[in-house]
Amino acid sequence: MTAALLWASLGLPAALLLGCLSGRLRRHVPRLLAIAPLPALAAALFATHDAQTEGGSLLFGLVLALDPPGAVLLGVSALLWSAAGAYAGAYLGGKPGAARFAAFWLLTLTGSLGVFLAADLAGFYLAFALASLAATGLVLHDGTGRARRAAGVYLILAVLGEVCLLFGLMLAGAATPGGSLLVRDAAAALPGSPWRDATLVLLVLGLGLKAGLVPLHVWLPLAHPAAPTPASAVLSGAIVKAGIIGLLRFLPAEAALPDWGMALAVLGFLTAFWGVLVGVTQDNPKTVLAYSTLSQMGLLTAVLGTALAAGGMAEAAPPAALYAAHHALAKGALFLAVGLVAAGGMRRPWPVLLPTAVLALGLGGLPLTGGALAKLAVKAPLGEGLPYLLATASAAATTLLMLHFLRRLATAGREAGAEAEPPAAGLVLPWAVAALAAVVVPWALHLGPGDGDLAAVLQPAALWEALAPVLAGGILALFLRRLGPGHIPAVPGGDLVVLGERVARALAGAPRPAWPEGPPRLLRAWHGRAGALPAAWLAWAEAPLRAWPAAVLALLGLALAAAFLAGA
Amino acid sequence: MADGLADGPWAELLVALPLAGMLLALPLGGRQAHRLALLVLAAGPVLALLLAAQLWQGGVVGVALGGFAAPLGIALRADGLSVLMLLTTAVVLCATGLAARAGFAPRPGQGETRAGLLFWPLLLALWGALNAVFLGNDLFNLYVALELLTLAAVPLVCIEGKPEAVAAALRYLLFALLGSVLYLLGAALLYGAHGTLDITLLAARLQPGPATWMAGALMTAGLLAKTALYPLHLWLPPAHAAAPAAASAVLSALVVKASFFILLRLWFDVMPALAGLGGATLLGGLGTAAILAGSLLALRQERLKLAIAYSTMAQLGYLFLMFPLAGGGTEAQPWSAGAWTGGVLHAVSHALAKAAMFLVAGLVLQAAGHDRIRALQGLGRAMPVAVFAFGLAGLSLMGLPPSGGFVAKWLLLTAALASGQWWWAVPMLAGGLLAAGYVFRLLNPALSAGEGQGWRPVRRRWQAIPLALALLSVALGLAPLLPYLLLGLGRSPAAEEGLG
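Given below as structure tokens:
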């Protein structure tokens, strides 16, 4: 039963993908996207935990299994994928390119669910890479200049992340006794590995890139908003969790690594505040949400880092999974709401705006929302001292960012026009399901396997503790509004990427767009020559080799060198 | 399968049939030559599969032609490595032959053209020579096969008579002849010292000494020149880029692998004990240089075919990492002889992927009349299947899963880490990253929304040929154990234990 469910989780999306190959079936696939993740949802609910099922010799022996945090994330991801799939079906139905979109959607879906299911190193890498690379097709879908730029930056960084992850996984595998390729064994052997630090650096780079840790986050605020709305929802909700589940699985469960934990926590908090600081300068509501995603993933990484420093990763895993689960559903619902507002304008805004406001403030920890439960859950791993204070401050900052988002959303709605048709039921229903789940699922997790009691949440002290950062964020937002738009700097989406792009163009020797006011003074000397440098160097290195005398000399030299080495 | 089938003369037929076809095609003339060639080519995969079945049932296949045993007679020998290369060759040539009909099949109402007449016999000669290389068990026969290969490949480069193609072909010919001279010199030294050139006999008789060392070095250098390993690559990019696309596909996918195959035979079968760490490191180092230089140069090309040709130069570099890594941490591998298996698998998956890429480049030339990368806007709309095939083949070159390239790289990487030689992992990973760069750079304009110019329409079935090759290259990454077991048959012990 468990084995059947686990294989069906990947099998149904794959089967639908095969359907895309046939010209006759292809037209129907976009409408079936909602059912593709349902076996995974069933697996998350009913499969026995930690039972392995092996796939024969496929890809070094693919092994599937579901650990408890994996089950939680698989369940919410499947739910979000299903809701967003229904939305996508209604959003794209009949438009040109719908079948291509559906094919990329199913590929990404298979990878995204596979990450939670794969129990062996090669399978984990395969699923991770599939989710990363196929998502390029989703980002690229609109084919606009913005989408192409986002897809380009995304692909380059994703492949860089893949390389780091692959090397890290190989190092982890090489240090596993008995040649086992299981993730569990590799993670257990990691603290004693001779290459422990190198492995961790590579894994954190590869996984952190997916989760959007600063400074590897630059692709995220470009790619998430560029994709069509349902794709933004799953990118920001489900796919970033591939990085989180990777960290949960590979960071040592028992061993305390204070230095590593500290570094992760610093990186996490830096990301959490960076996301808010840059996010409040953004105008596009989807970009604001993308910055909020990286801020939230930063906080979660900080939680894991603090736990790692104290050697409490095993206890921190369920709360972290709850936090990630709430974020997945809430962020997915928020993205879908942006699409609803853009489609339907502001004729009757409140049925959409009010739940959206509750969800948005829930990310900041508004009492009684799923977000409050998520914040409550990670309180224990954060401990008492500075990390807790920083997390509270980040809750206030998140509230500020979310209020900014709500304002931008309302503005976008007014710009869409009051005369627009109300959105179709096919768009509203998936959003409503995701929004409802964002409240219900955290409660279910809290009261169910989390053994949390109701009274602890409803105590006045606990309510006040959750409400205070939200109020602080509200006051900050008022200040910011008084400050006026003139005092907020305009930061381009993707912030640091703008510098990176110039360096990359220089390395590729491609013509660069001029700086609007001339190059900054720091770069001025470098600016003129750098572009020609690699080209000149390569041509210089290549030219002599193409001349006959040099080539023949190289040939004879090689023969002599080989003879010398053979005789030595 | 019936015993009769498993005992058939499949190895002999694989050499004889293409050569007989070549001889027959010339007098038949251009109208019939291409039909005959396609018929013979279609028999290729069948024969190779039959030989594989024969190997699977009875172990290594040895044939003494005409009943004369070595060292007097000509011996053919088919082990797992040979059969895998023969299969790959047959599949790639079949696909190329089908794709080449667009350029070289006679058109109704037109007379016989020189290119249309010559292409098909040359293709058959090339195939016969490749099969002879993969089945040869005698260093002199291998020399003859290699010469035939060069003499068939060079005219293919300049078959359309364009001036730059003729220049490139001449450069190729001169360099290949230089390599042949060195190889022949080495073979002569070995014969003088040991009195035989049969690989099995030679391996048993081989004594270390200056003559043997010099012979090994000369033959290695000659073969490196023909494989175009950095820094001996000067002839490859112009020749592969100037040839018609169908010829480029065969040259890049198969011809350079033939001399590499002989190098494997030489190092692993003839003189495994003599090949020291120094020599293996030298080859690995040159391979590293090839990966980095080839990828960087591919990244800078303005023309599609040149970029693909430089990518071949880079991908060939991976094959040479086999030498220092063979035997490394064999027990840590999913299969024994990991680095060796990985290298061979890389050769096969690169052959399929690269052939697919060049065939796509041919379709691009056909549709656009040029292959300037920047001017390919909107290609993705005009020929989506071909662009998809290009992307899939690129996946294999980057070494991303699921693809043959990924499994190959995984095996090589595991070997590098398990044997403690982690530094070889760096060029492998950097090469993957650079490959992603150049593949994306080639695809980016094609996927952009721009309309470009008016494309001449290309029918879906022409686009399906590269797609089939690219899919095969990806499917290698999902293949069950059977090919790897097959590859293990008759493998030299040095592949498992390492050189030296």
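First to last, the protein sequences are chains A and B. For the first sequence, position 498 matches number 498 in the working numbering, and the numbering has no gaps at all. For the second sequence, position 409 matches number 977 in the working numbering, and the numbering has no gaps at all. Think of the CB as a built atom: it goes at the ideal place given N, C-alpha and C, for glycine as much as any other residue. Quantities reported herein were computed from a predicted structural model and do not represent experimental measurements.
**Study point:** Option in A:M297, A:D259 and A:D453 with minimal Cα separation from G246 of chain A
**Key:** Minimum Cα-Cα distance from G246 of chain A among the listed residues A:M297, A:D259 and A:D453 corresponds to A:M297.
Review point. Which residues, in order along the region 140-153 of chain A, keep a beta-carbon less than 8 angstroms from a beta-carbon of chain B?
Key: Answer in chain order: L140, G143, T144, R148 and G152.
Review point. Between the region 770-790 of chain B and the region 688-704 of chain B, do three or more beta carbon pairs fall short of 8 angstroms?
Key: Contact fails: fewer than three Cβ-Cβ distances are below 8 angstroms.
Exercise for review: Could you check if K241 of chain A is buried or exposed, using at least 16 other CB atoms within 10 Å of its CB as the buried criterion?
Suggested key: Flag for K241 of chain A reads buried.
Review point. Hey, how far is the Cα of W81 of chain A from the Cα of L329 of chain A?
Key: Between W81 of chain A and L329 of chain A, the C-alpha separation is close to 10 angstroms.
**Study point:** Residue span of the alpha helix (DSSP H) that contains L572 of chain A, given as start and end
**Key:** A query on residue 572 of chain A cannot be resolved here, the shown segment of chain A reaching from 1 to 568 and no further.
Check your understanding: Going by Cα to Cα distance, which pick from B:F1008, B:S1016 and B:E580 is closest to S863 of chain B?
Key -> That would be B:F1008, whose Cα lies nearest to the Cα of S863 of chain B.
Check your understanding: On the three-state DSSP scale, how would you describe P511 of chain A?
Key -> Confidence at P511 of chain A is low in this model, with a pLDDT of 48, below 50, so its placement is unreliable and no value can be given for it.
Review point. By the 10 Å Cβ neighbour count, where 16 or more other Cβ atoms means buried, how is F479 of chain A classified, buried or exposed?
Key: Flag for F479 of chain A reads exposed.
Check your understanding: So, is M1 of chain A buried or exposed, given that buried needs 16 or more other C-beta atoms within 10 angstroms?
Key -> Under a 10 Å Cβ-count criterion, M1 of chain A is classified as exposed, with fewer than 16 other Cβ atoms of the shown protein chains found around its own Cβ.
Check your understanding: Is the beta carbon of P423 of chain A less than 7 angstroms from the beta carbon of A343 of chain A?
Key -> Contact annotation: P423 of chain A and A343 of chain A have beta-carbon atoms nearer than 7 angstroms.
Exercise for review: Identify every run of the alpha helix (DSSP H) within the region 54-103 of chain A, keeping only runs that are complete inside it and at least 4 residues long; order them along the chain.
Suggested key: If we require 4 residues or more, the alpha helix (DSSP H) runs fully inside the region 54-103 of chain A come out as 68-92.
Check your understanding: What residues from chain B crowd round E162 of chain A, counting only those whose CB sits closer than 7 angstroms?
Key -> From the beta-carbon of E162 of chain A, the residues of chain B found nearer than 7 angstroms are L968.
Review point. Should M890 of chain B and A905 of chain B be called a contact, given that it needs their Cβ atoms to be closer than 7 angstroms?
Key: No, Cβ-Cβ distance for M890 of chain B and A905 of chain B is not below 7 angstroms.
Exercise for review: Return the CA-CA distance between G962 of chain B and A1004 of chain B, expressed in angstroms with no decimal places.
Suggested key: Each residue's Cα considered, the two are about 8 angstroms apart.
Review point. What residues from chain A crowd round W992 of chain B, counting only those whose CB sits closer than 8 angstroms?
Key: Residues of chain A passing the Cβ test: none, with the nearest at roughly 12 angstroms.
Point to revise | Minimum C-alpha distance to A915 of chain B - residue among B:M881, B:G763, B:L931 and B:G946 | key: Ranked by Cα distance from A915 of chain B, the first of B:M881, B:G763, B:L931 and B:G946 is B:M881.
Point to revise | Members of the region 782-802 of chain B near chain A, C-beta cut-off 7 angstroms | key: Residues passing the 7 angstroms Cβ filter: M782, G784, A785, L786, T788, A789, L792, A793, P799, L800 and L802.
**Study point:** Bridge-paired residues (DSSP) for G704 of chain B
**Key:** Per DSSP, B:L644.
Review point. Does the region 67-82 of chain A touch the region 113-120 of chain A, meaning 3 or more C-beta pairs lie closer than 8 angstroms?
Key: Result yes; three or more Cβ-Cβ pairs closer than 8 angstroms.
Point to revise | Nearest neighbour of L947 of chain B, chosen from B:L661, B:L887, B:L997 and B:L1015 [CA to CA] | key: Comparing Cα positions, the closest option is B:L1015.
Review point. Helix, strand or coil: which one does DSSP assign to R482 of chain A?
Key: Helix, per DSSP.
Point to revise | Neighbour flag for V159 of chain A against chain B, beta carbons, 7 angstroms | key: At least one CB atom of chain B sits nearer than 7 angstroms to the CB of V159 of chain A.
Exercise for review: Starting from the beta carbon of V552 of chain A, find every residue of chain B whose beta carbon is closer than 8 angstroms, and list them in chain order.
Suggested key: Under the 8 angstroms cutoff, chain B gives L746.
**Study point:** Nearest to I642 of chain B (by Cα), restricted to the options B:L867, B:V628, B:I727 and B:L765
**Key:** Taking the Cα of I642 of chain B as reference, the smallest distance to any Cα among B:L867, B:V628, B:I727 and B:L765 is reached at B:L765.
Check your understanding: Can you give the Cα-Cα distance for A563 of chain A and G784 of chain B, rounded to whole angstroms?
Key -> Looking at the two C-alpha atoms, the distance is approximately 7 angstroms.
Review point. Cα-Cα, which of A:A44, A:A174 and A:L463 is closest to S193 of chain A?
Key: Measuring from the Cα of S193 of chain A, the nearest candidate turns out to be A:A174.
Practice item. Return the chain-ordered list of same chain residues with a C-beta closer than 7 angstroms to the C-beta of R196 of chain A, the five sequence neighbours on each side being excluded. Key: Excluding positions up to five away in sequence, the list reads L190.
Check your understanding: Where does the unbroken alpha helix (DSSP H) through G946 of chain B begin, and where does it stop?
Key -> From DSSP, G946 of chain B is part of no alpha helix (DSSP H); its letter is neither H nor E.
Practice item. Could you tell me the distance, in whole angstroms, from the CA atom of G89 of chain A to the CA atom of A65 of chain A? Key: Those two C-alpha atoms are separated by around 30 angstroms.
Review point. Who are the near neighbours of A255 of chain A in its chain, counting only those whose CB is closer than 7 angstroms to its CB and skipping five residues on each side?
Key: Within the same chain, A255 of chain A has close Cβ partners P191 and G311.
Practice item. Report yes or no: do three or more beta-carbon pairs, one from the region 1026-1042 of chain B and one from the region 916-927 of chain B, lie closer than 8 angstroms? Key: Enough Cβ pairs lie closer than 8 angstroms, so yes.
Practice item. Note down, in chain order, all residues in the region 984-1011 of chain B with a beta-carbon under 7 angstroms from any beta-carbon belonging to chain A. Key: Residues passing the 7 angstroms Cβ filter: L985, A986, A993, L997, G1000, L1001, A1004 and F1008.
Practice item. Name the residue from B:L582, B:V583 and B:A605 whose alpha carbon lies nearest to the alpha carbon of L592 of chain B. Key: Shortest Cα-Cα distance from L592 of chain B to any of B:L582, B:V583 and B:A605 involves B:A605.
Review point. Candidates A:H327, A:V341 and A:G385: which alpha carbon is nearest G364 of chain A's?
Key: Of A:H327, A:V341 and A:G385, the smallest CA-CA separation from G364 of chain A is found for A:H327.
Exercise for review: With a threshold of 6 angstroms, establish whether the CB of L12 of chain A neighbours any heavy atom of the ligand ZN.
Suggested key: For the ligand ZN, the structure offers nothing, since it holds no ligand at all.
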